[in-house]
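Chemist: First residue of the sequence shown: 24, per my numbering; consecutive thereafter. I have a structure here, written as structure tokens, and I will follow up with some questions on it.
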Amino acid sequence: MSASYEVHGAVAVITLNNPPVNGLGYATRKAVAEGIDRAEADAAVKAVVITGAGKAFSGGADIREFGSPKALAEPNLHSLIAKVEACSKPVIAAIHTVCMGGGLELSLGCHYRVAAPGAKIALPEVKIGLLPGAGGTQRLPRALGVEPALNMIVSGEAVESQLLAMVPGQKLFDKITSGELMSEALDFAATVIARHADGSPLPRVRDLKARHAEPDAYFQFARNMVAAQAKHFPAPLRCLEAVAASVYKPFDEGIKAEREGFVALMMTPESKALRHAFFAERATSKIPDVPEDTPRREIRKVAVIGAGTMGGGISMNFLNAGIPVVILEMKQEALDRGLATIRKNYEGQVKKGKLKEDKYQQRMALLSTTLSYADIGDADLVIEAVFEDLGVKQQVFEQLDAVMKPGAILASNTSTLDLNRIAAFTKRPQDVIGMHFFSPANVMKLLEVVRGKETAKDVLATVMALGKTIRKTCVVSGVCDGFIGNRMIEQYSRQAGFLLEEGCTPQQVDKAVEKFGFAMGPFRMGDLAGNDVGWYIRKRRYQEKPHLRYSKTADLLCEMGRFGQKTGAGWYDYAAGKRDAVPSAVVVEMIEKHRAAQGITPRKISDEEIVQRLVFSLVNEAAHILEEGIALRASDIDMVYLTGYGFPLWRGGPMCYADTVGLYNVVEAMKRFARNPLDDASFWQPAPLIQRLVAEGKGFTD
């Protein structure tokens, strides 16, 4: 059942019933339209109330139909709203919990709106690169006022109903309830029936005027602000122009302008990328052989091994979610430093007004520390965050195996090491899983969840659900060296090194990639993470994969002690207490000497070549990862790079970007790179998956 119809005295109640958020799919729209017709035909019915079942009025369009013929099938949302608006009997929207997108647009087509306090009200379409396409840009400014409506539409953020009801002169809500919503909505309907007993016309939002005292000056100011803040995204400016049309044009002309803007945005690569990311994020939780109803283990207490940067950041995630944490270290000084860092992070949030003092105290009260493994045995989950060395991990997991209670989940934060070998250090490999947090762990959204060959399904289901609790985007990875993200970034970093040898400077490479949209170029990223980390991994690679070639510039840098920001010198120079990356003459001299020693004559390299070599190296390695089953789907790889590695959101991730460029063109570029004698020709052999997709005329997202 997508919508139910009941009669309460003289009032017909149409209840949207399309879980989980009463999306306005075809069946739901059809049922609401039929309900309106039924009410019109029943002389005993004098008014209609539309509400939503469960925990939403309506979240808007049904994303399961997005892009399908059903999304446009009649009655489409425009037709349904017009039908509601034209109903000869008063229609009241009874709004609660969630009223967003098309749900809000439907309510604006009703004659009256009654809302429960705390209902989240939003037109979030801008977040997927679109504008509200069913009259939202025309009706909300008329009902709420131009400035607050524009703020909501351009930001896409939700505002609680009782706050909107306080906007001077607003006609969005006729009543904010103080008790039970439906009871008060039915009472309000009775009042409305009496009000219109004389046949007086029903109020329509479309008949209101959208006014501003100084529209020209206001919209020009808004254009300047939006252009500066959303330079890579066309949707916010399009939203602004549609709202301006509500002021300058009659309603029907404004609707036409809105529609033209919506259609134009649908075709932009930015909107396609944002829509891809929207669906990709929701797909990450879908694991084919682990159904949603898989039983989960209860996590009431977490232990973290290691009070360093990662251990402290990991702990904060659980404290923020109200889950008690005990941190274990080998020395009291290390515990004291870790605890001080956590306090400093929270106190910084308090000073900025992002965290209330009482919340800070509550979180710290959930934290305890210990120097003894015996004190953590009752934890439901333990996360190891110690030095990235297999021997060190072995010592930790052997001790955890000895002290942790049966059924406890044993997790490693390893970023590259073999999780199956780590699991083998215990007698319970089914309880072992990888939880690879990204630094800073209390800020970064990505959590790579590494599934070992013996990891139990309930362990995987538990960790995926827990990831949502701590507000992470969880992506499942199989076991390989570096998993998804770091395995790909190794090829990216190798290409960055080759570019230095061939003629680039670190700042030229970084600027080209940052202009493309990365949050940070490879050399600034190395300085931030610590160049010694990569050095340690390369030393292991030289033993395990002697055929794999690297530029020696990164090793030479580390031999100079230039590990990055933590030592005040890396690929760049850093002034004490500052993070500004200053080009280093010493580094340039080192690179030039290395080129000369290798007999390399530097050449001028374009920004286009820099970007293509770095990004397409990610794409080619990712295709191998997909073929090997390390990642479940191409969109999972995109989510890793969007949430963990600073890939530009408006490009949708490396796989989405490759599809946008066209895989045929990607392969042609790879052929060019393979002819470069100073590059690694074997790496640029396109992965078999890419070759197959090109032959079939398909892309990764197909």
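Backbone N, C-alpha and C define an ideal beta-carbon position, used for all residues, glycine too. Since we're looking at a predicted model, the values are computed, not measured.
Which two residues bound the contiguous alpha helix (DSSP H) that contains residue 166?
Modeler: Counting along the chain, the alpha helix (DSSP H) containing residue 166 begins and ends at 159 to 167.
Chemist: Residue 466: which of 494, 695 and 639 sits nearest, CA to CA?
Modeler: For the residues 494, 695 and 639, the minimum Cα distance to residue 466 belongs to 494.
Chemist: Taking the DSSP output, what are the residues bridged to residue 481?
Modeler: The partner list for residue 481 (beta bridge, DSSP) is empty, contrary to what the question assumes.
Chemist: Near residue 304, which residues of its chain fall below 7 Å by C-beta distance, leaving aside the five closest residues on each side in sequence?
Modeler: Here the set comprises 496 and 662.
Chemist: Using CA atoms only, rank isn't needed, just tell me which of 283, 683, 112 and 168 is closest to residue 222.
Modeler: Nearest of 283, 683, 112 and 168 to residue 222, Cα basis: 112.
Chemist: Between the Cα of residue 331 and the Cα atoms of 315, 352, 340 and 638, which residue gives the shortest distance?
Modeler: When each option's Cα is compared against that of residue 331, the closest is 352.
Chemist: Span of the beta strand (DSSP E) holding residue 500?
Modeler: 496 to 500 is the span of the beta strand (DSSP E), which, as asked, contains residue 500.
Chemist: Using the C-alpha atoms, what's the distance from residue 513 back to residue 606?
Modeler: Each residue's alpha carbon lies about 23 Å from the other.
Chemist: Which runs of the alpha helix (DSSP H) fall wholly inside the stretch 482 to 554 and span at least 4 residues, in chain order?
Modeler: Runs of the alpha helix (DSSP H) inside the stretch 482 to 554: 508 to 525, 529 to 539 and 545 to 552.
Chemist: In the DSSP assignment, find the alpha helix (DSSP H) that holds residue 88 and state where it starts and stops.
Modeler: Premise fails: residue 88 is in no alpha helix (DSSP H) and is neither H nor E.
Chemist: Ignoring anything shorter than 3 residues or poking outside the stretch 208 to 247, list the beta strand (DSSP E) runs there in chain order.
Modeler: Within the stretch 208 to 247, no complete beta strand (DSSP E) run reaches 3 residues.
Chemist: Do you know offhand how far residue 132's Cα is from residue 296's?
Modeler: Between residue 132 and residue 296, the C-alpha separation is close to 31 Å.
Chemist: Are residue 636 and residue 555 close, meaning C-beta to C-beta below 9 Å?
Modeler: Not closer than 9 Å, so no.
Chemist: Measure the C-alpha to C-alpha separation of residue 385 and residue 375 and round it to an integer number of angstroms.
Modeler: Going by the C-alpha atoms only, they are around 18 Å apart.
Chemist: Report buried or exposed for residue 557, applying the criterion of at least 16 other Cβ atoms within 10 angstroms of its Cβ.
Modeler: With 16 or more other Cβ atoms within 10 Å, it is buried.
Chemist: Quick test of your reading: residue 394 and residue 355, contact by CB under 8 Å. State the CB separation rounded to the nearest angstrom.
Modeler: With a Cβ gap of about 7 Å, residue 394 and residue 355 count as contacting.
Chemist: Go ahead and label residue 114 buried or exposed: buried means 16 or more other beta carbons lie within 10 angstroms of its beta carbon, across all protein chains shown.
Modeler: Buried, since its Cβ has 16 or more Cβ neighbours within 10 Å.
Chemist: Could you check where the alpha helix (DSSP H) with residue 597 kicks off and where it finishes?
Modeler: It is not in any alpha helix (DSSP H) - residue 597 carries neither H nor E in the DSSP assignment.
Chemist: With C-beta atoms as the reference, is residue 530 less than 9 Å away from residue 573?
Modeler: No; because the gap between Cβ atoms is not below 9 Å, this pair is not in contact.
Chemist: So what does DSSP say about residue 427, is it helix, strand or coil?
Modeler: Coil, per DSSP.
Chemist: How big is the Cα-Cα spacing for residue 30 and residue 127?
Modeler: So the two alpha carbons sit approximately 24 Å from each other.
Chemist: Could you give the DSSP three-state label for residue 670: helix, strand or coil?
Modeler: Coil at residue 670, not helix or strand.
Chemist: On the DSSP letters alone, give me the boundaries of the beta strand (DSSP E) that residue 75 sits inside.
Modeler: Here the beta strand (DSSP E) through residue 75 covers 70 to 75.
Chemist: By alpha-carbon positions, which one of 309, 302, 310 and 259 ends up nearest to residue 285?
Modeler: With distances taken between Cα atoms, residue 285 lies closest to 259.
Chemist: Determine the burial state of residue 48: buried for a count of at least 16 other Cβ atoms within 10 Å of its Cβ, exposed for fewer.
Modeler: Its Cβ being crowded by 16 or more others within 10 Å, residue 48 is buried.
Chemist: Any idea if residue 658 is buried or exposed, counting beta-carbon neighbours within 10 angstroms, 16 or more meaning buried?
Modeler: Residue 658 comes out buried.
Chemist: At what residues does the beta strand (DSSP E) containing residue 136 begin and finish?
Modeler: Start and end: 135 to 138.
Chemist: Near residue 380, which residues of its chain fall below 8 Å by C-beta distance, leaving aside the five closest residues on each side in sequence?
Modeler: Cβ neighbours of residue 380 beyond the five flanking positions: 373.
Chemist: Should residue 132 be listed as close to the ligand FAD, given that the test is whether its C-beta is under 8 Å from any heavy atom?
Modeler: With respect to small molecules bound, the structure shown includes none, and the ligand FAD cannot be examined in it.
Chemist: Within 10 angstroms of its Cβ, does residue 518 collect 16 or more other Cβ (buried), or is it exposed?
Modeler: With 16 or more other Cβ atoms within 10 Å, it is buried.
Chemist: Report back the beta-carbon spacing between residue 75 and residue 99 to the nearest angstrom; my notes put them in contact at under 8 Å.
Modeler: The pair is not a contact, with the Cβ atoms about 19 Å apart (cut-off 8 Å).
Chemist: Within the stretch 428 to 478, note down every full beta strand (DSSP E) run reaching 3 residues or more, in order along the chain.
Modeler: Listed in chain order, they are 432 to 435, 455 to 460 and 469 to 473.
Chemist: Can you list, in chain order, the residues of its chain with a C-beta nearer than 6 Å to that of residue 476? Leave out the 5 residues immediately preceding and following it.
Modeler: The answer, listed in chain order, is 443.
Chemist: From the DSSP output, in three-state form, read off residue 660 for me.
Modeler: Residue 660: helix per DSSP, three-state reduction.
Chemist: Closer than 7 Å by C-beta to residue 599: which residues in its own chain qualify, once you throw out the five before and the five after it? Chain order, please.
Modeler: For residue 599, where only same-chain residues beyond five positions count, the Cβ hits under 7 Å are 591.
Chemist: Excluding sequence positions up to five away, which residues of its chain have a Cβ less than 8 Å from the Cβ of residue 405?
Modeler: Cβ neighbours of residue 405 beyond the five flanking positions: 325, 326, 327, 328, 399, 423, 427, 431, 432, 433 and 434.
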